[in-house]
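Counting in the working numbering, the sequence shown runs from 117 upward without gaps.
Just so you know, even glycine gets a beta-carbon here, dropped at the ideal spot from N, CA and C.
Quick notes on the structure that follows.
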Amino acid sequence: MPVDGRLCVGSLEDEGLQLWVRGSGKGSDHGWVLERHVRMQEVLDAVPWLPRNILLRHANIWLSDIDAGRTGKVFIASFGFGRFSYHLDTGKLECLAMEDGMEYGHPIFPFFSAPVICGVSE
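Take a look at the structure:
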């Protein structure tokens, strides 16, 4: 994992979770090196409420965040099935739910006001 602070991107696809980091050398694809590939089908099959149909599952889940350097986790979101964290070293998938059973919400982004356009009457 990129514990050295390198830029990192990830992808959650049919084949599994791919984690790419900036680097060069053998296997480099225009400056990107495949750091980790995890087959996620078996991991996601362990969640009983996720759809069993691979196409339906793929359409309903996505990689929402990566914290590979600090905690070693990636975060997976879904439409109506919850949010999950997956630890890249241990292979443990956890459902992120609060004590009252409610799901965690989306991150809060800062608000930027739109610039005032001159000449437009309100």
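Residue i, DSSP secondary structure in three states
i	result
A162	coil
H146	coil
R186	coil
L204	coil
L212	coil
L133	strand
R199	coil
I170	helix
Cβ neighbours of residue i in the same chain (closer than 6 Å, five flanking residues each side left out)
i	result
R155	G132
C211	G198, F200
E151	L135, V137
Rounded C-alpha distance that separates residue i from residue j
i	j	result
V164	I192	According to the sequence provided, residue 164 is Pro. The question's Val does not apply to it. Rounded to whole angstroms, P164 to I192 spans 16 Å at the Cα level.
W136	T206	19 Å
D161	S194	14 Å
G139	V190	20 Å
E158	C234	57 Å
G196	L209	17 Å
R122	R173	31 Å
R186	G147	23 Å
Same chain only: Cβ atoms within 7 Å of residue i, ignoring 5 sequence neighbours per side
i	result
G188	M117, H203, L204, D205
L182	Reading off the sequence shown, one finds Ile at residue 182, where the question assumed Leu. Only C124, G126, V190 meet the Cβ criterion.
Check: Can at least three beta-carbon pairs, one atom from the segment 123–138 and one from the segment 165–178, be found at a separation below 8 Å?
Finding: These segments touch.
Next item on the list: State whether the segment 168–175 contacts the segment 135–146, with contact taken as three or more CB pairs (one from each stretch) at a distance under 8 Å.
Entry: No: fewer than three Cβ pairs fall under 8 Å.
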